[in-house]
Amino acid sequence: MAEQLSDFRPVQPRAASVRSLAVHATSRPFPGFARVTLRSTGDGFEDDFEYLGFDQWFRLFLTAPDGTLDLPLGGLEGWYSRLLDIEEAHRPLVRNYTIRDARRVGEFWELDLDFVIHRSVATGEVDGVAARWALDARPGDRIGVLDQGRIFNVEDHTGPVLVVADESGLPGVEGIARSLDGAPCDYVLEVPEAADRRELVGADPVWNVRTYGEAAGDRALEHLRSRGISADTRVYVVGEAAFVLAARSLARTCGVPKDNIQFCAYWRVGRRAKRK
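Read in our numbering, the sequence shown has 111 at position 121, and its numbers run on one by one without any break.
Next up, the structure:
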């Protein structure tokens, strides 16, 4: 789901291995989103996983085009080489998604993942293999996961904090707000329609709703230009690649040091981005 462009060091998980989770439930909490709740299956995920909160993200291993799920089992190191060792016809598709929330239910973990539903203007069809998987998912379906830790980090910062995101960043933003639990933070957010807005724990975000024909991020950028950004702000911006780079450039123009900007492209118009 994303291409990490920031020089910030992510917070790594204590332990991580490729594991299999099962779909527990699905819902459509907002018009532009499909939610899939995953539950651990007792294969060791319960021992590995530590919920870090904030914008913690996973690599997801989706069923191969032939319908099989052959996972590159093992630890974090070497996962990609193991993936390539799987015969191409059976190789799972890999996408990257942020956890919206996680909780213990008895001895198991449940994880909520929200998938943005973008549709082709020309055909009306849903864009993206992960979004299509989320819409088709049913309880009992399996998926592979690999914990990657989190990017958001303000533990060494005492000044203002600004979080900027389009709809693709909202699941992580919800996790950030929940983890900050009312600590001072400004949020400038953009969605394609008003019904995709939602309450954030302990936060009063500025919502920008774009209109037909506007590019992703245009409304949020307009607001940022009018409000300005103080030079002592820790800026975190995620979303469409061109929007993210424009917001970063604006922050630099406002005097924010590059070392105080955390940014990550989650997608690109016309194609998905890649988190490395």
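Built from N, CA and C at the ideal position, the CB exists for glycine as well.
- [ ] Could you check the C-alpha separation between Gln2 and Asp45 for me, to the nearest Å?
- [x] 12 Å
Task: N-terminal and C-terminal residue of the alpha helix (DSSP H) that Glu157 is part of - done: Element bounds for Glu157: n/a, residue is neither H nor E.
Open item on the list: Alpha carbons only, please: which of Ser169, Ala237 and Leu103 is nearest the one belonging to Cys254?
Closed with: Ala237
- [ ] Would you give the residue range spanned by the beta strand (DSSP E) that Tyr256 belongs to?
- [x] Ile251 to Arg258
TODO: Identify whether Arg132 lies in helix, strand or coil by the three-state DSSP scheme.
DONE: Of the three classes helix, strand and coil, the one that applies to Arg132 here is strand, per DSSP.
Open item on the list: Which residues does DSSP list as the beta-bridge partners of Asp186?
Closed with: None, per the DSSP bridge assignment.
TODO: Compare the beta carbon distance of Phe178 and Tyr226 with 8 Å and say whether it is the shorter of the two.
DONE: This sequence places Val at residue 178; Phe is not what is there. In this structure, Tyr226 does not lie closer than 8 Å to Val178 by Cβ.
- [ ] Would you identify the three-state DSSP class for Thr53, choosing helix, strand or coil?
- [x] coil
Open item on the list: Mapping the DSSP letters down to three states, classify Glu230 as helix, strand or coil.
Closed with: Residue state, collapsed to three classes: strand.
Open item on the list: Give me, in chain order, the residues of the same chain whose beta-carbon lies closer than 8 Å to that of Gly218; leave out the 5 immediate sequence neighbours on both sides.
Closed with: Same-chain partners within the cutoff: Cys244.
- [ ] Report yes if the CB atom of Phe39 is closer than 8 Å to the CB atom of Ile133, and no otherwise.
- [x] For Phe39 and Ile133, no; Cβs fall outside 8 Å.
Open item on the list: Please tell me whether Leu61 and Ser7 are closer than 8 Å, where the distance is taken between their beta carbons.
Closed with: no
Task: Own chain residues within Cβ distance below 8 Å of Thr16, not counting five before or after - done: Ala24, Arg25, Val26, Thr27, Ala124, Ala127, Arg128 and Pro129
- [ ] Return the bridge partner residues of Arg140 from the DSSP annotation.
- [x] Val1, per the DSSP bridge assignment.
Task: Contact set for Ser169: own chain, Cβ-Cβ below 6 Å, skip 5 residues either direction - done: So the list reads Gly43 and Phe44, once near-sequence residues are dropped.
TODO: Just the C-alpha distance for Ala79 and Glu183, rounded to the nearest angstrom, thanks.
DONE: Answer to the nearest angstrom: the Cα atoms are 39 Å apart.
Task: Sub-8 Å separation of Pro21 and Gly139 beta-carbons - done: no
Task: Contact under 8 Å by Cβ, Asp91 with Gly165 - done: Yes; because the gap between Cβ atoms is below 8 Å, this pair is in contact.
Task: Buried versus exposed call for Leu4 [16 or more other C-beta atoms within 10 Å across all chains shown] - done: Reading off the sequence shown, one finds Arg at residue 4, where the question assumed Leu. Flag for Arg4 reads exposed.
Task: CB contact flag (Asp156, Gly68, <8 Å) - done: no
- [ ] Identify whether Lys248 lies in helix, strand or coil by the three-state DSSP scheme.
- [x] helix
TODO: For the beta strand (DSSP E) containing His14, list its first residue and its last residue.
DONE: For His14, the uninterrupted beta strand (DSSP E) run begins and ends at Ser7 to Phe20, by DSSP.
- [ ] Can you say whether Ile251 is buried or exposed, counting buried as having 16 or more other CB atoms within 10 angstroms of its CB?
- [x] Looking at its Cβ environment, which holds 16 or more other Cβ atoms inside 10 Å, Ile251 is buried.
Task: Alpha carbon of Ala205 to alpha carbon of His213, nearest angstrom - done: Using only the alpha carbons, I get a separation of about 14 Å.
TODO: Could you tell me the boundaries of the alpha helix (DSSP H) in which Phe105 lies?
DONE: Run containing Phe105: none in the alpha helix (DSSP H); it sits in the beta strand (DSSP E), Phe98 to Val106.
Open item on the list: Run through the DSSP bridge pairs and tell me what Val180 is partnered with.
Closed with: One point to set straight first is that residue 180 is Glu, not Val, in the sequence displayed. Asn198, per the DSSP bridge assignment.
TODO: Check the C-beta distance from Asp171 over to Val191 and give it rounded, since I have them as a contact under 8 Å.
DONE: Correct: roughly 7 Å between the Cβ atoms.
TODO: Assuming Glu36 contacts Glu97 (C-beta within less than 8 Å), just tell me the rounded distance between them.
DONE: 6 Å
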